[in-house]
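Numbering (the working numbering), first residue to last: 497 to 827.
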């Protein structure tokens, strides 16, 4: 795994102040960072008034890396309080950063939530949780979180994934690998663009895992979009034993290539990793959680980009295992 630096977009002091003051004003007016229709409308109006500098920093991913780090947001380690032991107990911890992340997400597109995950929140708390150490979810710690497309099982998955670091004393690395950096044979690409096996819902979606009304749809791992290859990949939830030997072999070579080009991004407080979910698979290295209030703490937001065409049209016919997505701004 490479330790090469990810592309960085450094926020200037004026832009940082603009974002912080906007979030603080919204928080003061609303008294909460829990999204309501009124709060989301306020966020949308505020985001529309941001200056060109912030908008330039929030422009689409523009390198084959498929990601960038937005740097410069101020985080007070004492003010945010201890790292919660579970997403459900986070309460108002880091409330200003919830709103800041929603403002940034709104500049980039349309924030997305899921009724079946973290009680429909638009901003998720990603923290290690006791009893979940070995799962393939953001609550795990002692195992490698396998590289994957966020919410790969669903046709309405985000175009962009945003991870805002509030605390990371142990420099735990997020892993990322772009399909545009791989070298795959044309024969393998041809095999992997066929819909052969499904991607099943992950352990964060218990209701989706019990969905039985329709059979799981087979989906392609790769898609040749107008701008280049995109991917939909989650080996931990892909029943590869149902595939033919040629497909399994090609999938294995894809996995090896993604591992070869993978980079380690060690986020520091105040940095936001923005990942193009059609180009990049992400994961996390193992670490030992202490559960003492000092563990790694990220805020996560998902974003759809209206009008974007980077996926097969056939996805529109998928059932999504009965999971419903909520968009923050519907106007």
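Using N, Cα and C, we set each Cβ at its ideal position, and we do this for glycine too.
{"Asked": "Extent of the continuous beta strand (DSSP E) to which residue 797 belongs", "Found": "793-800"}
{"Asked": "DSSP state of residue 552 mapped onto helix, strand, coil", "Found": "helix"}
{"Asked": "CB-CB length for residue 672 against residue 801, believed under 8 Å", "Found": "Wrong, their Cβ atoms sit about 19 Å apart, outside the cutoff."}
{"Asked": "Residue 689 vs residue 806 beta-carbon contact at 7 Å", "Found": "no"}
{"Asked": "Local Cβ density within 10 Å of residue 527, reported as buried at 16 or more and exposed below that", "Found": "exposed"}
{"Asked": "Per-residue DSSP class, three states only, for residue 593", "Found": "helix"}
{"Asked": "Cβ shell of residue 519 (< 7 Å), same chain only, five flanking positions each side left out", "Found": "592, 595, 596, 599"}
{"Asked": "Rounded Cβ spacing between residue 588 and residue 529 (contact assumed at less than 8 Å)", "Found": "7 Å"}
{"Asked": "Runs of beta strand (DSSP E) wholly within the region 625-658 (minimum 3 residues, chain order)", "Found": "641-644"}
{"Asked": "Exposure label - residue 735; buried when at least 16 CB within 10 Å", "Found": "exposed"}
{"Asked": "Residue(s) in a DSSP beta bridge with residue 672", "Found": "759, 778"}
{"Asked": "Residue 590, buried or exposed, once every other Cβ within 10 Å from all chains shown has been counted against 16", "Found": "buried"}
{"Asked": "Cβ contact (3+ pairs, closer than 8 Å) linking the region 782-792 and the region 693-712", "Found": "no"}
{"Asked": "DSSP three-state assignment for residue 822, whether helix, strand or coil", "Found": "strand"}
{"Asked": "One or two residues paired with residue 620 in a DSSP bridge", "Found": "796"}
{"Asked": "Option nearest residue 501 by Cα separation, candidates 770, 762, 621", "Found": "762"}
{"Asked": "Helix, strand or coil at residue 607 [DSSP, three-state]", "Found": "strand"}
{"Asked": "The region 547-556 / the region 504-515 touching (three or more Cβ pairs under 8 Å)", "Found": "yes"}
{"Asked": "Contacting residues, own chain, Cβ-Cβ under 7 Å from residue 448 (five flanking each side not counted)", "Found": "With the chain running from 497 to 827 in the structure shown, residue 448 is simply not present."}
{"Asked": "CA-to-CA distance, residue 766 to residue 636, given in whole angstroms", "Found": "22 Å"}
{"Asked": "Residue burial classification, residue 819 (beta-carbon count within 10 angstroms, cutoff 16)", "Found": "buried"}
{"Asked": "Within 7 Å, strictly: CB atoms of residue 560 and residue 676", "Found": "yes"}
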